[in-house]
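Quick note on numbering: the sequence shown equals residues 0 to 244 in numbering that gives the first Met the number 0.
Note that the Cβ used here is the ideal one computed from N, Cα and C, for glycine as well.
Given the structure is predicted, the values throughout are model-derived calculations rather than measurements.
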Amino acid sequence: MAEPPCGSANRCRLTEGVPGYNVGPISSEAPSVPSITLALSKGRIFEETLPLLAAAGIVPADNPETSRKLIIDTNRPDVRLVIVRATDTPTYVQYGAADLGIAGKDVLLEHGGAGLYQPLDLAIAKCRLCVATRKGFDYAAASRPGGRVRVATKYINSAKTHFAAKGVHVDLIKLYGSMELAPLVGLADAIVDLVSSGSTLRANNLEEVEEIMPISSRLIVNQASLKLKRELLQPLLEAFAGAVK
Ligand code: ATP
Ligand code: MG
């Protein structure tokens, strides 16, 4: 029987059909992958992380707002950034596709934090997780112990924990965005969402009726990376810690 083109059958099985793997001829030279991969989301987390990166001597080569690149090099050949959806950051770090990342506490509470070391509150992207209702809704009556509230949110875990602690029955409806609409069209009595200035709530005739917790973004590190790449990661962690306001 003829040898498969890529050498042994086993090697083919390992690489074939695995997305992201090079299925071409196996080269003896390992691809030159930078040693540290940091996962970030676009928008406020990226913007507010720039000064922290600068404190560690790291300057991104592209701006993800204007570039379509998902892998962004930096001035340091051993550091690269990967741009992911905010809710996906813990997943990339948990599986070691990124060594470290920056994620909101809101996102970490929903993810659960498995496989992640969370050494640092970076005090960026600050806001609060709140319950909001339509103006005039009697939330105090609905949320008495033993009461029942219909809540729309993308923060199912946090909402469940909050209402369980109050002894309130909750019917949770999972949404992925524009939560403010739900009470306005009768989908829910209340929403659990992030609020900073409150202007989106006001613009939609909603009001904050309860704060669940303050939120900020955390540095997250893959637990294996922390052990295996400690020499590279430690100075970075120290620079971030020194730059936290
Ligand atoms: P999208 O808004 O495009 O659906 P997203 O909600 O996943 O995406 P962002 O709105 O950029 O992403 O939020 C990223 C993180 O920033 C959140 O997980 C949260 O920790 C924080 N954040 C969200 N909203 C605010 C806010 N209004 N003020 C400050 N920080 C916020
Ligand atoms: Mg958002």
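- Collapsing the DSSP output to three states places residue 173 in a strand.
- When the beta-carbon positions are compared, residue 91 and residue 83 come within less than 8 Å of each other.
- Residue 51 and residue 88 have their C-alpha atoms some 18 Å from each other.
- Bridge partners of residue 103 according to DSSP: 216.
- Pairing residue 39 with residue 69 gives a Cβ-Cβ distance that is not under 8 Å.
- Just measuring C-alpha positions, the residue of 125, 131, 67 and 153 sitting nearest residue 109 is 153.
- When 217, 242 and 234 are compared, the shortest CA-CA separation from residue 119 is found for 217.
- Comparing alpha-carbon positions, the option among 78, 75, 100 and 207 lying closest to residue 45 turns out to be 100.
- When secondary structure is reduced to three states using DSSP, residue 76 falls in the coil class, being assigned neither helix nor strand.
- Annotated three-state conformation of residue 91 is helix, per DSSP.
- Per DSSP, reduced to three states, the secondary structure at residue 160 is helical.
- Rounded to whole angstroms, the separation of the alpha carbons of residue 102 and residue 187 is 28 Å.
- Here the alpha carbons of residue 140 and residue 62 stand approximately 49 Å from one another.
- Residue 48 and residue 149 have their C-alpha atoms spaced approximately 36 Å apart.
- Checking the DSSP bridge columns, you'll see residue 133 partnered with 205.
- The Cβ-Cβ distance between residue 197 and residue 166 does not fall below 8 Å.
- Contact between the stretch 160–174 and the stretch 218–230 is absent: fewer than three C-beta pairs spanning the two stretches fall below 8 Å.
- Residue 97 has its alpha-carbon roughly 20 Å from the corresponding atom of residue 66.
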